[in-house]
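K.L.:
Quick one: structure below, then a few questions.
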Amino acid sequence: MMRSLQDTTTLHNGVKMPWFGLGVYKVQEGEEALQSVKAAIKAGYRSIDTAALYQNEESVGRAIKESGVPREELFITTKVWNTDQRNDSVLEAFETSLQKLGLDYVDLYLVHWPVKEKYKQTWKILEKIYKEGRARAIGVSNFTIHHLEDLIADAEIKPMVNQVELHPLFAQPELRDYCKKQEIQIEAWAPLGQGRLLDHPVLKEIADAHNKTIAQVILRWDLQNEIVTIPKSVKESRIIENANIFDFELTERDMEKINSLNENKRFGPDPDNFDF
């Protein structure tokens, strides 16, 4: 049983990654991003997930600096955006992210989306960044099984992480099984279904039985399924509440009930059909 916010999974290259972190998608650059990241670190979070697209890397960097927590205790993720894949400016994009974050290296650098006819080329650059030690781990985001198979066929280094939309209504069992066999750590974005699951009757029943919130039950389900999870919030009280999931365990019956909610219902874009 995972016992704290600092508990980690070991990626296939030996790097330890926290099971639980803060996502900052749609968190405003400036005070909002600065304060939410500082609140998370103060509450014991050690993993922060941002991206070039989110346009808040500078505030995340400031929060890291002002937190007083040693850099080596933190796990920082960012991602290369699609336009930089299309323009062959992946290396420049990485340099820009490092500069904005005010860091010498990131812990995880991800290909944000599988841009057709580009992601394999992009991956070669990530391999170079990794070999230079400027990213302790590299991975992908929003890749399906066929994208991963295609990438791995020509890759020198296998992705260490695949970050995808994943929640009880979109549980992605086949992708999870595939990643497990390939030793690719699965990570959930939008673990709470972008808030759409927070009044689900089955989840409410389980939450009431444990005297927990629905969000806490979903996040606990992630951990017990060995899914790295990064819920987003800008409220300090919610950031603390989301992480209060290490003092209870879902029963096998609870897990089965939640697993049975899967409808293959995606709320975000489809990786096989996106136009951005």
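Start counting the sequence shown at 3; every next residue gets the next number (the numbering used here).
Built from N, CA and C at the ideal position, the CB exists for glycine as well.
1) Roughly how many whole angstroms lie between the Cα atoms of L150 and V113?
2) Going by DSSP, name the residue or residues bridged to F77.
3) Using the rule of at least 16 other Cβ atoms within 10 Å of the residue's Cβ for burial, across every protein chain shown, is R88 buried or exposed?
4) Output the residue ranges of the alpha helix (DSSP H) runs that lie fully inside the stretch 24 to 70 and measure 4 residues or longer, sorted by chain position.
5) In chain order, which continuous runs of the beta strand (DSSP E) of length 3 or greater are located wholly inside the stretch 128 to 163?
6) Going by the CB atoms, is the gap between T11 and Q187 shorter than 8 Å?
7) Give me whichever residues DSSP pairs with V113 in a beta bridge.
8) Contact defined as beta carbons within less than 8 Å: I believe V71 pairs with V26. What is the distance between those atoms, to the nearest angstrom?
9) What residues in its chain sit with their C-beta under 8 Å from that of A209, if we drop five residues either side in the sequence?
10) Going straight from the alpha carbon of F145 to that of Y107, what length do you get?
11) Going by C-alpha to C-alpha distance, which of C181, H169, Y180 sits closest to H202?
12) What span of residues does the alpha helix (DSSP H) with A217 cover, start to end?
13) Label K126 either buried or exposed according to how many other C-beta atoms from any shown protein chain fall within 10 Å of its C-beta, with 16 as the threshold for buried.
14) Counting Cβ pairs closer than 8 Å, one from the stretch 255 to 266 and one from the stretch 33 to 42, do we hit at least three?
15) For R288, I'd like the list of residues in its chain whose CB is within less than 7 Å of its CB, leaving aside the five on either flank, ordered along the chain.
16) Whose C-alpha, out of I242, K120, G46, is nearest the C-alpha of S91?
17) Please report how far the alpha carbon of G46 lies from the alpha carbon of N164, in whole angstroms.
18) Inspect the beta-carbon positions of G23 and I50 and report whether they are closer than 8 Å.
19) Measuring straight from C-alpha to C-alpha, what distance separates V236 and V29?
20) Helix, strand or coil for N261? Go by DSSP, reduced to three states.
21) Kindly indicate which three-state DSSP category V233 falls into: helix, strand or coil?
22) Going by DSSP in three states, K18 sits in which element: helix, strand or coil?
23) Report buried or exposed for A211, applying the criterion of at least 16 other Cβ atoms within 10 angstroms of its Cβ.
24) Give me the DSSP bridge partner(s) of D272.
25) Just to confirm, are T79 and L128 a CB contact at a threshold of 8 Å?
26) Nearest to A173 by alpha carbon, out of D156, L194, E31, K160?
27) Which one or two residues does DSSP pair with W191 in a beta bridge?
P.N.:
On the basis of the supplied data:
1) 12 Å
2) S49
3) exposed
4) 33 to 44, 59 to 69
5) 140 to 143
6) yes
7) V82, V142
8) Their Cβ separation, rounded to whole angstroms, is 17 Å, which puts V71 and V26 out of contact at 8 Å.
9) T215, I216, Q218, V219
10) 24 Å
11) H169
12) 216 to 226
13) exposed
14) no
15) Any property of residue 288 remains undetermined from this structure, which presents the chain solely from 3 to 278.
16) K120
17) 24 Å
18) yes
19) 7 Å
20) helix
21) Position check: residue 233 holds Pro in this sequence, whereas Val was assumed. Reduced to three states, the DSSP call for P233 is coil.
22) strand
23) exposed
24) N275
25) no
26) L194
27) E167
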